[in-house]
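Taking it in order: structure first as structure tokens, then the write-up.
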Amino acid sequence: MDLLKQRILKEASIVNADVLKVDSLLNHGADPELTLEMGREFARRFAGETITKVITVESSGIPAAFATALAIGVPLVFARRKKTLIGDPDAYCERVPSFTKGIVTDLIVSRQLLGPADSVLFIDDIIANGDAARGLIRIVEQSGARLAGVGIVLEKSFQAGGRTLRELGYRLESLVRIRSLENHVISFEE
Ligand code: G4P
Ligand code: NA
Ligand code: NA
């Protein structure tokens, strides 16, 4: 998605060789028109799939996932991230480490919102090592729902998350892929 590449070049800043700060577009704000275009692009890419719901993880996944759900015409479900001490029998729960925060949190989805009748498209803002994504996929599996595909706004292809999910056989589509942040330069794939 060229428009998104241009905006990343203009607005993102490199924190270090592993981390890109994309506050205005993904992590601390959103451009509504650009976000709606992300949703339309995911809807086009997954047009051949049966999708009953879009699922994401709070908080930064929500704008793009909302836009995708709108474009496809299905409901949105977002997993909550919590630090919990006790299990909730009414929810699916998976513990995941977080790449940027250096802590573990629990991903939680109500059993009322996801079940065997669902075929879900998982949308997220950034994939790094893929821990959050794999946790969310385990929740989809626990629920008996089918995972129709994974759509990622920004894949850092120098980290293993995207590759690992493709190797597991999931269909993963990224709107932009960054192959390096070395030497203070953002290098895109292809
Ligand atoms: P992973 O799924 O690929 O393993 O990523 P991980 O769980 O390690 O990521 C944890 C959080 O770190 C995610 O946000 C993810 O978007 C974010 N993250 C990973 N790499 C980068 C990066 O280069 N830049 C920025 N800005 N964020 C990155 P989260 O914990 O779900 O928090 P939230 O942003 O949704 O609130
Ligand atoms: Na994030
Ligand atoms: Na996220």
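Count along the sequence shown from 1, then add 430; that gives the number in our numbering. Idealized CB from N, CA, C, for every residue including glycine.
Would you kindly report the start and end of the unbroken beta strand (DSSP E) that includes residue i?
i       : result
Ala-578 : 576-586
Arg-607 : 602-610
For ligand 3, is there a heavy atom less than 7 Å away from the beta-carbon of residue i?
i       : result
Ser-604 : no
Val-487 : yes
Gly-469 : no
Ala-578 : no
Ala-499 : no
Ala-562 : yes
Does the beta carbon of residue i fall short of 7 Å from some heavy atom of ligand 1?
i       : result
Asp-555 : yes
Val-526 : yes
Ser-490 : yes
Asp-548 : no
Thr-465 : no
Lys-440 : no
Val-449 : yes
Can you name the residues that DSSP bridges to residue i?
i       : result
Pro-527 : Val-534
Ile-485 : Val-507 and Phe-552
Val-449 : Asn-446
Ala-521 : Ser-540
Lys-512 : Asp-536
Can you give me the start and stop residues for the alpha helix (DSSP H) that residue i sits inside?
i       : result
Ile-438 : 432-441
Arg-475 : 462-475
Leu-456 : No alpha helix (DSSP H) holds Leu-456; DSSP gives it neither H nor E.
Ser-502 : At residue 502 the sequence reads Ile, which differs from the Ser that was named. 492-502 is the extent of the alpha helix (DSSP H) around Ile-502.
Glu-597 : 591-597
Q: Within the region 538-579, note down every full beta strand (DSSP E) run reaching 3 residues or more, in order along the chain.
A: 549-557
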